[in-house]
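Chemist: Have a look at this one before I ask anything.
In my numbering, the protein residues as written are 4 to 400.
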(Lines of atoms letter the chains of each structure in order from A and count residues from 1; the text may use other names and numbers.)
(Lines give C-alpha, C1' and ligand atoms only; values in the text may rest on other atoms or scores of the structure.)
Protein backbone atom coordinates (compact mmCIF):
# COMPACT_ATOMS: atom_id res chain seq x y z
CA UNK A 1 0.00 0.00 0.00
CA UNK A 2 1.05 3.59 -0.60
CA UNK A 3 1.05 6.01 2.32
CA UNK A 4 0.89 8.96 -0.05
CA UNK A 5 -2.88 8.39 -0.21
CA UNK A 6 -3.42 8.54 3.57
CA UNK A 7 -5.41 11.65 4.62
CA UNK A 8 -3.31 13.75 7.00
CA UNK A 9 -4.32 16.20 9.69
CA UNK A 10 -0.90 17.86 9.52
CA UNK A 11 1.26 18.43 6.45
CA UNK A 12 4.88 17.34 6.34
CA UNK A 13 4.65 14.08 8.28
CA UNK A 14 7.39 11.57 7.53
CA UNK A 15 6.35 8.13 6.16
CA UNK A 16 7.26 6.39 9.42
CA UNK A 17 5.15 8.89 11.37
CA UNK A 18 2.15 8.23 9.14
CA UNK A 19 2.61 4.47 9.51
CA UNK A 20 2.88 4.28 13.31
CA UNK A 21 0.58 7.17 14.28
CA UNK A 22 -2.06 6.16 16.81
CA UNK A 23 -4.53 8.90 15.84
CA UNK A 24 -8.01 7.95 17.01
CA UNK A 25 -11.35 7.52 15.22
CA UNK A 26 -9.97 5.47 12.33
CA UNK A 27 -10.72 1.96 11.07
CA UNK A 28 -9.29 -0.30 8.39
CA UNK A 29 -11.61 -2.33 6.18
CA UNK A 30 -11.17 -5.06 3.59
CA UNK A 31 -13.54 -4.57 0.64
CA UNK A 32 -14.11 -6.76 -2.42
CA UNK A 33 -12.45 -4.90 -5.36
CA UNK A 34 -15.67 -5.31 -7.34
CA UNK A 35 -17.53 -3.32 -4.68
CA UNK A 36 -15.06 -0.47 -4.12
CA UNK A 37 -17.10 2.02 -6.12
CA UNK A 38 -20.35 1.32 -4.26
CA UNK A 39 -18.52 1.35 -0.92
CA UNK A 40 -16.96 4.75 -1.59
CA UNK A 41 -20.32 6.11 -2.74
CA UNK A 42 -21.92 4.90 0.48
CA UNK A 43 -19.14 6.46 2.56
CA UNK A 44 -19.59 9.78 0.77
CA UNK A 45 -23.35 9.64 1.29
CA UNK A 46 -22.88 9.08 5.01
CA UNK A 47 -20.27 11.84 5.29
CA UNK A 48 -17.45 9.42 6.15
CA UNK A 49 -13.99 9.96 4.69
CA UNK A 50 -12.76 6.73 3.07
CA UNK A 51 -9.54 6.18 1.13
CA UNK A 52 -8.11 3.19 -0.71
CA UNK A 53 -4.52 2.64 0.46
CA UNK A 54 -3.65 -0.67 -1.19
CA UNK A 55 -4.53 -4.32 -1.55
CA UNK A 56 -3.75 -7.79 -0.23
CA UNK A 57 -1.17 -9.79 -2.20
CA UNK A 58 0.31 -13.28 -2.19
CA UNK A 59 3.88 -11.98 -1.90
CA UNK A 60 4.26 -12.81 1.78
CA UNK A 61 5.64 -9.31 2.32
CA UNK A 62 4.43 -6.25 4.20
CA UNK A 63 5.33 -3.77 1.49
CA UNK A 64 4.91 -0.07 2.23
CA UNK A 65 5.37 2.65 -0.37
CA UNK A 66 5.43 6.42 -0.20
CA UNK A 67 4.87 8.08 -3.54
CA UNK A 68 5.81 4.87 -5.32
CA UNK A 69 9.09 4.44 -3.41
CA UNK A 70 9.62 1.58 -0.95
CA UNK A 71 9.91 2.76 2.65
CA UNK A 72 9.38 -0.63 4.35
CA UNK A 73 9.38 -4.25 3.21
CA UNK A 74 9.14 -6.87 5.91
CA UNK A 75 8.57 -10.60 5.68
CA UNK A 76 5.17 -11.57 7.14
CA UNK A 77 6.72 -14.54 8.94
CA UNK A 78 9.05 -12.14 10.73
CA UNK A 79 6.16 -9.87 11.68
CA UNK A 80 4.18 -12.75 13.15
CA UNK A 81 6.93 -14.88 14.70
CA UNK A 82 10.25 -13.07 14.38
CA UNK A 83 10.37 -11.49 17.83
CA UNK A 84 10.72 -13.70 20.94
CA UNK A 85 7.65 -13.57 23.16
CA UNK A 86 7.94 -12.28 26.72
CA UNK A 87 7.97 -14.93 29.43
CA UNK A 88 6.32 -13.59 32.55
CA UNK A 89 5.56 -15.09 35.95
CA UNK A 90 2.29 -14.46 37.73
CA UNK A 91 1.78 -15.24 41.43
CA UNK A 92 -1.66 -15.02 42.98
CA UNK A 93 -2.25 -14.69 46.71
CA UNK A 94 -5.75 -13.98 47.95
CA UNK A 95 -5.74 -10.77 50.02
CA UNK A 96 -6.96 -11.16 53.58
CA UNK A 97 -8.51 -8.02 54.96
CA UNK A 98 -9.73 -7.44 58.48
CA UNK A 99 -13.37 -8.35 58.88
CA UNK A 100 -15.26 -5.10 59.48
CA UNK A 101 -16.66 -4.52 62.94
CA UNK A 102 -18.86 -1.49 63.38
CA UNK A 103 -22.24 -0.88 64.93
CA UNK A 104 -25.32 -0.56 62.71
CA UNK A 105 -26.32 3.07 62.15
CA UNK A 106 -28.95 4.33 64.59
CA UNK A 107 -30.50 6.49 61.86
CA UNK A 108 -30.88 4.73 58.50
CA UNK A 109 -32.27 7.90 56.93
CA UNK A 110 -29.11 9.82 57.78
CA UNK A 111 -26.97 6.92 56.55
CA UNK A 112 -28.85 6.92 53.24
CA UNK A 113 -28.33 10.66 52.84
CA UNK A 114 -24.60 10.18 53.39
CA UNK A 115 -24.52 7.38 50.83
CA UNK A 116 -26.40 9.46 48.26
CA UNK A 117 -23.80 12.22 48.66
CA UNK A 118 -20.84 9.95 47.89
CA UNK A 119 -18.96 10.76 44.70
CA UNK A 120 -19.63 7.36 43.10
CA UNK A 121 -23.37 7.64 43.77
CA UNK A 122 -24.39 11.31 43.68
CA UNK A 123 -26.05 12.83 40.62
CA UNK A 124 -23.76 13.41 37.63
CA UNK A 125 -26.31 15.62 35.86
CA UNK A 126 -24.00 18.67 35.54
CA UNK A 127 -21.51 16.50 33.63
CA UNK A 128 -24.08 14.56 31.63
CA UNK A 129 -25.80 17.77 30.48
CA UNK A 130 -22.61 18.85 28.70
CA UNK A 131 -23.19 16.18 26.05
CA UNK A 132 -25.76 16.03 23.25
CA UNK A 133 -28.36 13.26 23.69
CA UNK A 134 -30.49 14.22 20.71
CA UNK A 135 -28.24 13.45 17.73
CA UNK A 136 -30.48 13.05 14.67
CA UNK A 137 -33.49 12.72 16.98
CA UNK A 138 -32.96 9.00 17.43
CA UNK A 139 -32.54 8.68 21.21
CA UNK A 140 -35.39 6.81 22.89
CA UNK A 141 -34.00 6.38 26.42
CA UNK A 142 -31.45 9.02 27.35
CA UNK A 143 -28.86 9.12 30.18
CA UNK A 144 -31.34 11.00 32.38
CA UNK A 145 -34.99 9.97 32.67
CA UNK A 146 -38.03 10.43 34.89
CA UNK A 147 -40.60 13.06 35.76
CA UNK A 148 -37.98 15.84 35.78
CA UNK A 149 -35.46 14.07 33.52
CA UNK A 150 -32.94 13.82 36.34
CA UNK A 151 -32.99 10.09 37.17
CA UNK A 152 -29.91 7.98 36.27
CA UNK A 153 -30.88 5.67 33.42
CA UNK A 154 -29.54 2.11 33.43
CA UNK A 155 -28.81 2.18 29.70
CA UNK A 156 -29.43 4.15 26.53
CA UNK A 157 -31.65 3.15 23.63
CA UNK A 158 -31.22 4.63 20.16
CA UNK A 159 -33.48 4.21 17.14
CA UNK A 160 -30.98 4.56 14.27
CA UNK A 161 -33.55 4.03 11.50
CA UNK A 162 -36.47 6.35 12.20
CA UNK A 163 -38.98 4.46 10.04
CA UNK A 164 -38.36 1.31 12.13
CA UNK A 165 -39.27 0.59 15.75
CA UNK A 166 -36.19 -1.57 16.28
CA UNK A 167 -33.66 -0.05 18.66
CA UNK A 168 -30.05 -0.39 19.76
CA UNK A 169 -29.29 -0.73 23.48
CA UNK A 170 -25.97 0.42 24.96
CA UNK A 171 -24.97 -0.21 28.59
CA UNK A 172 -21.87 -0.34 30.78
CA UNK A 173 -20.60 -1.92 33.97
CA UNK A 174 -17.65 -0.96 36.19
CA UNK A 175 -16.77 -1.74 39.82
CA UNK A 176 -13.03 -1.20 40.51
CA UNK A 177 -13.30 -1.39 44.32
CA UNK A 178 -13.81 -5.14 44.08
CA UNK A 179 -10.22 -5.43 42.79
CA UNK A 180 -9.04 -4.84 46.35
CA UNK A 181 -10.33 -8.36 47.01
CA UNK A 182 -10.31 -10.32 43.73
CA UNK A 183 -10.08 -9.13 40.12
CA UNK A 184 -11.87 -12.29 38.97
CA UNK A 185 -15.04 -11.26 40.75
CA UNK A 186 -14.49 -7.58 39.89
CA UNK A 187 -14.56 -8.55 36.22
CA UNK A 188 -17.53 -10.88 36.59
CA UNK A 189 -19.51 -8.18 38.42
CA UNK A 190 -18.67 -5.52 35.83
CA UNK A 191 -19.83 -7.83 33.05
CA UNK A 192 -23.01 -8.76 34.89
CA UNK A 193 -23.74 -5.11 35.68
CA UNK A 194 -23.48 -4.16 32.00
CA UNK A 195 -25.74 -7.04 30.97
CA UNK A 196 -28.14 -6.32 33.83
CA UNK A 197 -28.36 -2.65 32.85
CA UNK A 198 -29.18 -3.58 29.26
CA UNK A 199 -31.85 -6.05 30.35
CA UNK A 200 -33.32 -3.44 32.73
CA UNK A 201 -34.43 -1.27 29.79
CA UNK A 202 -35.74 -4.13 27.67
CA UNK A 203 -32.77 -5.69 25.86
CA UNK A 204 -32.84 -9.37 24.94
CA UNK A 205 -29.91 -11.14 26.64
CA UNK A 206 -29.76 -13.55 23.70
CA UNK A 207 -28.90 -10.66 21.36
CA UNK A 208 -26.05 -8.93 23.18
CA UNK A 209 -22.36 -8.44 22.37
CA UNK A 210 -19.63 -7.07 24.61
CA UNK A 211 -16.56 -4.86 24.63
CA UNK A 212 -13.84 -5.23 27.25
CA UNK A 213 -11.84 -2.12 28.16
CA UNK A 214 -8.92 -2.89 30.47
CA UNK A 215 -7.70 0.07 32.53
CA UNK A 216 -4.73 -1.44 34.35
CA UNK A 217 -1.60 -0.67 36.31
CA UNK A 218 1.78 -1.93 35.07
CA UNK A 219 1.68 -5.75 35.45
CA UNK A 220 5.34 -6.43 34.51
CA UNK A 221 7.79 -6.95 37.36
CA UNK A 222 10.65 -4.45 37.41
CA UNK A 223 12.56 -2.21 39.79
CA UNK A 224 9.70 0.28 39.52
CA UNK A 225 7.06 -2.45 39.89
CA UNK A 226 8.34 -4.95 42.48
CA UNK A 227 4.82 -6.37 42.91
CA UNK A 228 4.48 -7.04 39.17
CA UNK A 229 3.94 -10.79 39.62
CA UNK A 230 0.89 -10.17 41.79
CA UNK A 231 -0.47 -7.49 39.44
CA UNK A 232 0.02 -9.85 36.51
CA UNK A 233 -1.90 -12.54 38.41
CA UNK A 234 -4.70 -10.02 38.85
CA UNK A 235 -4.73 -9.54 35.07
CA UNK A 236 -4.75 -13.29 34.48
CA UNK A 237 -7.69 -13.75 36.83
CA UNK A 238 -9.60 -10.96 35.10
CA UNK A 239 -9.12 -12.68 31.75
CA UNK A 240 -10.22 -15.99 33.24
CA UNK A 241 -13.46 -14.29 34.30
CA UNK A 242 -13.98 -12.79 30.85
CA UNK A 243 -13.73 -16.26 29.32
CA UNK A 244 -15.96 -17.87 31.95
CA UNK A 245 -18.75 -15.29 31.80
CA UNK A 246 -18.79 -14.50 28.08
CA UNK A 247 -19.26 -18.21 27.48
CA UNK A 248 -21.75 -18.62 30.34
CA UNK A 249 -23.89 -15.69 29.16
CA UNK A 250 -23.35 -16.29 25.46
CA UNK A 251 -22.25 -12.66 25.10
CA UNK A 252 -19.14 -12.55 22.86
CA UNK A 253 -16.58 -9.76 22.96
CA UNK A 254 -16.62 -8.19 19.50
CA UNK A 255 -14.13 -5.48 20.37
CA UNK A 256 -11.82 -4.40 23.16
CA UNK A 257 -9.17 -1.99 24.33
CA UNK A 258 -6.45 -1.85 26.94
CA UNK A 259 -4.37 0.72 28.74
CA UNK A 260 -1.79 -1.15 30.79
CA UNK A 261 0.55 1.48 32.24
CA UNK A 262 -1.65 3.63 34.45
CA UNK A 263 0.99 4.50 37.02
CA UNK A 264 2.49 7.80 38.15
CA UNK A 265 5.80 8.38 39.91
CA UNK A 266 6.27 11.49 42.02
CA UNK A 267 9.56 11.43 43.87
CA UNK A 268 9.77 8.09 45.64
CA UNK A 269 6.01 7.66 45.68
CA UNK A 270 4.32 5.54 43.03
CA UNK A 271 0.59 5.85 42.44
CA UNK A 272 -1.22 3.08 40.52
CA UNK A 273 -4.87 2.94 39.55
CA UNK A 274 -6.91 -0.03 40.80
CA UNK A 275 -7.10 -2.83 38.21
CA UNK A 276 -10.31 -1.98 36.38
CA UNK A 277 -12.44 -3.49 33.65
CA UNK A 278 -15.03 -1.28 31.99
CA UNK A 279 -17.39 -3.67 30.23
CA UNK A 280 -19.82 -2.37 27.64
CA UNK A 281 -22.60 -4.20 25.84
CA UNK A 282 -24.59 -3.47 22.73
CA UNK A 283 -27.82 -5.21 21.92
CA UNK A 284 -31.18 -4.78 20.34
CA UNK A 285 -34.77 -4.28 21.32
CA UNK A 286 -37.37 -5.33 18.77
CA UNK A 287 -39.82 -2.57 19.60
CA UNK A 288 -38.66 0.59 21.38
CA UNK A 289 -42.24 1.26 22.45
CA UNK A 290 -41.79 -1.60 24.94
CA UNK A 291 -38.68 -0.04 26.49
CA UNK A 292 -38.73 0.43 30.27
CA UNK A 293 -37.17 3.24 32.30
CA UNK A 294 -36.10 3.21 35.95
CA UNK A 295 -38.39 5.91 37.38
CA UNK A 296 -41.47 5.06 39.46
CA UNK A 297 -44.60 5.68 37.38
CA UNK A 298 -47.79 5.58 39.51
CA UNK A 299 -48.86 5.64 43.15
CA UNK A 300 -49.96 2.20 44.43
CA UNK A 301 -47.69 0.29 42.03
CA UNK A 302 -46.08 -2.65 43.83
CA UNK A 303 -42.32 -2.79 44.42
CA UNK A 304 -40.54 -6.11 43.87
CA UNK A 305 -36.96 -7.21 44.48
CA UNK A 306 -35.84 -9.84 41.97
CA UNK A 307 -33.07 -12.17 43.08
CA UNK A 308 -31.50 -12.98 46.43
CA UNK A 309 -29.55 -10.53 48.60
CA UNK A 310 -26.46 -11.94 50.33
CA UNK A 311 -23.99 -10.68 52.87
CA UNK A 312 -21.48 -9.77 50.16
CA UNK A 313 -20.42 -6.25 51.10
CA UNK A 314 -16.70 -6.61 50.44
CA UNK A 315 -15.54 -3.64 48.36
CA UNK A 316 -18.97 -2.02 48.64
CA UNK A 317 -19.71 1.69 48.87
CA UNK A 318 -21.21 1.11 52.32
CA UNK A 319 -18.01 -0.48 53.61
CA UNK A 320 -15.95 2.25 51.93
CA UNK A 321 -18.02 4.87 53.75
CA UNK A 322 -16.97 3.13 56.98
CA UNK A 323 -13.32 3.10 55.79
CA UNK A 324 -13.15 -0.70 55.58
CA UNK A 325 -12.81 -3.18 52.70
CA UNK A 326 -13.98 -6.61 53.85
CA UNK A 327 -13.48 -9.98 52.15
CA UNK A 328 -16.85 -11.19 50.85
CA UNK A 329 -17.01 -9.66 47.38
CA UNK A 330 -20.22 -10.23 45.38
CA UNK A 331 -20.06 -13.36 43.25
CA UNK A 332 -22.04 -13.81 40.05
CA UNK A 333 -23.91 -17.09 39.50
CA UNK A 334 -24.49 -16.86 35.76
CA UNK A 335 -26.85 -19.83 35.47
CA UNK A 336 -29.32 -18.24 37.91
CA UNK A 337 -28.87 -14.77 36.46
CA UNK A 338 -29.67 -15.88 32.91
CA UNK A 339 -32.98 -17.39 34.03
CA UNK A 340 -33.89 -14.16 35.80
CA UNK A 341 -32.94 -11.96 32.85
CA UNK A 342 -34.87 -14.06 30.36
CA UNK A 343 -37.94 -14.10 32.60
CA UNK A 344 -37.70 -10.33 33.08
CA UNK A 345 -37.40 -9.79 29.33
CA UNK A 346 -40.51 -11.90 28.78
CA UNK A 347 -42.40 -9.88 31.41
CA UNK A 348 -41.33 -6.62 29.78
CA UNK A 349 -42.49 -7.83 26.39
CA UNK A 350 -45.91 -8.54 27.89
CA UNK A 351 -46.12 -4.98 29.21
CA UNK A 352 -46.54 -5.74 32.92
CA UNK A 353 -43.35 -3.98 34.10
CA UNK A 354 -43.80 -0.25 34.75
CA UNK A 355 -40.22 0.47 35.81
CA UNK A 356 -37.00 -1.43 36.44
CA UNK A 357 -33.68 -0.45 38.00
CA UNK A 358 -30.57 -2.49 38.72
CA UNK A 359 -29.01 -2.66 42.19
CA UNK A 360 -25.33 -1.72 42.10
CA UNK A 361 -23.36 1.01 43.93
CA UNK A 362 -25.07 1.61 47.25
CA UNK A 363 -27.19 -1.51 47.01
CA UNK A 364 -30.94 -1.70 47.46
CA UNK A 365 -31.21 1.56 49.43
CA UNK A 366 -29.68 3.71 46.71
CA UNK A 367 -31.53 1.88 43.91
CA UNK A 368 -34.92 2.43 45.57
CA UNK A 369 -34.13 6.06 46.39
CA UNK A 370 -33.18 6.72 42.76
CA UNK A 371 -36.41 5.11 41.53
CA UNK A 372 -38.49 7.25 43.92
CA UNK A 373 -36.64 10.51 43.20
CA UNK A 374 -36.83 10.02 39.44
CA UNK A 375 -40.57 9.36 39.59
CA UNK A 376 -41.32 12.18 42.03
CA UNK A 377 -43.01 9.70 44.37
CA UNK A 378 -42.54 8.32 47.86
CA UNK A 379 -42.02 4.64 48.63
CA UNK A 380 -42.94 2.30 51.50
CA UNK A 381 -40.90 -0.90 51.80
CA UNK A 382 -40.43 -3.62 54.42
CA UNK A 383 -36.94 -5.13 54.66
CA UNK A 384 -38.39 -8.26 56.27
CA UNK A 385 -39.64 -9.29 52.83
CA UNK A 386 -36.19 -9.13 51.18
CA UNK A 387 -34.84 -12.64 50.41
CA UNK A 388 -31.57 -12.47 52.33
CA UNK A 389 -28.72 -14.71 53.48
CA UNK A 390 -26.38 -13.36 56.14
CA UNK A 391 -26.35 -11.33 59.34
CA UNK A 392 -29.76 -9.78 59.85
CA UNK A 393 -28.65 -6.16 59.86
CA UNK A 394 -30.81 -3.58 58.16
CA UNK A 395 -27.78 -1.68 56.84
CA UNK A 396 -26.36 -4.91 55.34
CA UNK A 397 -29.67 -5.70 53.62
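Positions of the beta carbon are idealized from the N, C-alpha and C atoms, including for glycine.
At a cut of 8 Å, does the segment 299-317 reach the segment 238-252 through at least three beta carbon pairs?
Modeler: The segment 299-317 vs the segment 238-252: no contact.
Chemist: Please tell me whether residue 99 and residue 330 are closer than 9 Å, where the distance is taken between their beta carbons.
Modeler: Contact flag set, yes.
Chemist: Between residue 147 and residue 154, is the Cβ-Cβ spacing less than 9 Å?
Modeler: In this structure, residue 154 lies closer than 9 Å to residue 147 by Cβ.
Chemist: Helix, strand or coil: how does DSSP classify residue 159 here?
Modeler: Looking at residue 159 - three-state DSSP - the assignment turns out to be strand.
Chemist: What does DSSP give as the partner residues of residue 269 in its beta bridges?
Modeler: 272, per the DSSP bridge assignment.
Chemist: Does the segment 301-311 come close enough to the segment 188-198 that 3 or more CB-CB pairs lie under 8 Å?
Modeler: With the cut-off at 8 Å, the segment 188-198 and the segment 301-311 do not touch.
Chemist: Short of 8 Å in beta carbon distance, which residues of its chain neighbour residue 370, apart from the five on each side in sequence? Order them along the chain.
Modeler: Around residue 370: 360, 361, 362, 363.
Chemist: Could you check whether residue 93 and residue 239 sit closer than 9 Å to each other, using their CB atoms as the reference points?
Modeler: Contact flag set, yes.
Chemist: Taking 8 Å as the limit between beta carbons, can you name the residues of its chain near residue 9, skipping five residues before and five after?
Modeler: So the list reads 21, 54, 56, once near-sequence residues are dropped.
Chemist: In the structure shown, what three-state DSSP assignment does residue 119 receive?
Modeler: It is helical.
Chemist: Alpha helix (DSSP H) containing residue 31: first to last residue?
Modeler: Premise fails: residue 31 is in no alpha helix (DSSP H) and is neither H nor E.
Chemist: Are the CB atoms of residue 294 and residue 256 within a distance shorter than 9 Å?
Modeler: Taking 9 Å as the Cβ cut-off, residue 256 and residue 294 do not qualify as a contacting pair.
Chemist: Can you find the residues in the same chain that come closer than 7 Å, C-beta to C-beta, to residue 157, ignoring five residues on each side of it along the sequence?
Modeler: 174, 200, 203, 204, 297, 360, 361.
Chemist: Would a C-beta distance cut-off of 9 Å place residue 194 and residue 282 closer than the cut-off?
Modeler: A contact, by the Cβ cut-off of 9 Å.
Chemist: Helix, strand or coil: which one does DSSP assign to residue 58?
Modeler: Looking at residue 58 - three-state DSSP - the assignment turns out to be coil, as it is neither helix nor strand.
Chemist: Distance, Cα to Cα, residue 354 vs residue 374?
Modeler: For residue 354 and residue 374, the distance between alpha carbons rounds to 19 Å.
Chemist: I need the boundaries of the alpha helix (DSSP H) containing residue 71, first residue and last residue.
Modeler: Residue 71 -> no alpha helix (DSSP H), and no H or E assigned at all.
Chemist: Using only CA atoms, which one of 349, 277, 227, 262 lies nearest to residue 269?
Modeler: Among 349, 277, 227, 262, the Cα nearest to that of residue 269 belongs to 227.
Chemist: Are residue 285 and residue 172 close, meaning C-beta to C-beta below 9 Å?
Modeler: Closer than 9 Å, so yes.
Chemist: Could you tell me the alpha carbon to alpha carbon distance between residue 97 and residue 72, rounded to whole angstroms?
Modeler: In a straight line, the C-alpha of residue 97 is about 57 Å away from that of residue 72.
Chemist: Quick check on residue 379: buried or exposed, where buried means 16 or more other Cβ atoms within 10 Å of its Cβ?
Modeler: With fewer than 16 Cβ atoms within 10 Å of its Cβ, residue 379 is classed as exposed.
Chemist: I want to know whether the segment 79-88 touches the segment 35-54 - three or more CB-CB distances under 8 Å.
Modeler: With a cut-off of 8 Å, the segment 35-54 and the segment 79-88 do not count as touching, because too few Cβ pairs lie within range.
Chemist: Could you check if residue 102 is buried or exposed, using at least 16 other CB atoms within 10 Å of its CB as the buried criterion?
Modeler: Exposed is the call here.
Chemist: Restricting to runs no shorter than 4 residues, where is the alpha helix (DSSP H) found entirely within the segment 275-351?
Modeler: Segments of the alpha helix (DSSP H) lying fully in the segment 275-351: 320-324.
Chemist: Let's see if you can read the secondary structure: which residues bound the alpha helix (DSSP H) around residue 83?
Modeler: Run containing residue 83: 79-84, per the alpha helix (DSSP H) assignment.
Chemist: Please report how far the alpha carbon of residue 347 lies from the alpha carbon of residue 51, in whole angstroms.
Modeler: Cα to Cα, the separation comes out at about 39 Å.
Chemist: Just the C-alpha distance for residue 274 and residue 77, rounded to the nearest angstrom, thanks.
Modeler: One C-alpha to the other measures close to 40 Å.
Chemist: By Cβ distance below 7 Å, which residues in the same chain neighbour residue 313 in space, the five residues on each side in sequence not counted?
Modeler: So the list reads 392, 393, once near-sequence residues are dropped.
Chemist: Closest to residue 383 by CA distance: which of 121, 368, 159 is it?
Modeler: Checked all of 121, 368, 159; the closest Cα to residue 383 is 368.
Chemist: Tell me which same chain residues have a C-beta within less than 8 Å of the C-beta of residue 16, skipping the five on either side of it?
Modeler: For residue 16, where only same-chain residues beyond five positions count, the Cβ hits under 8 Å are 24.
Chemist: Following the continuous beta strand (DSSP E) through residue 260, name the residue where it begins and the one where it ends.
Modeler: Run containing residue 260: 256-262, per the beta strand (DSSP E) assignment.
Chemist: How should residue 178 be labelled, buried or exposed, when 16 other C-beta atoms within 10 angstroms of its C-beta is the threshold for buried?
Modeler: It is buried - the Cβ of residue 178 has at least 16 other Cβ atoms within 10 Å.
Chemist: Using three-state DSSP, classify residue 65 as helix, strand or coil.
Modeler: Reduced to three states, the DSSP call for residue 65 is strand.
Chemist: Quick one: grab the DSSP three-state call for residue 245.
Modeler: Helix, per DSSP.
Chemist: Residues bridged to residue 144 by DSSP?
Modeler: DSSP, once it has assigned bridges, lists 160 as partnering residue 144.
Chemist: Helix or strand or just coil, what does DSSP make of residue 359?
Modeler: Coil.
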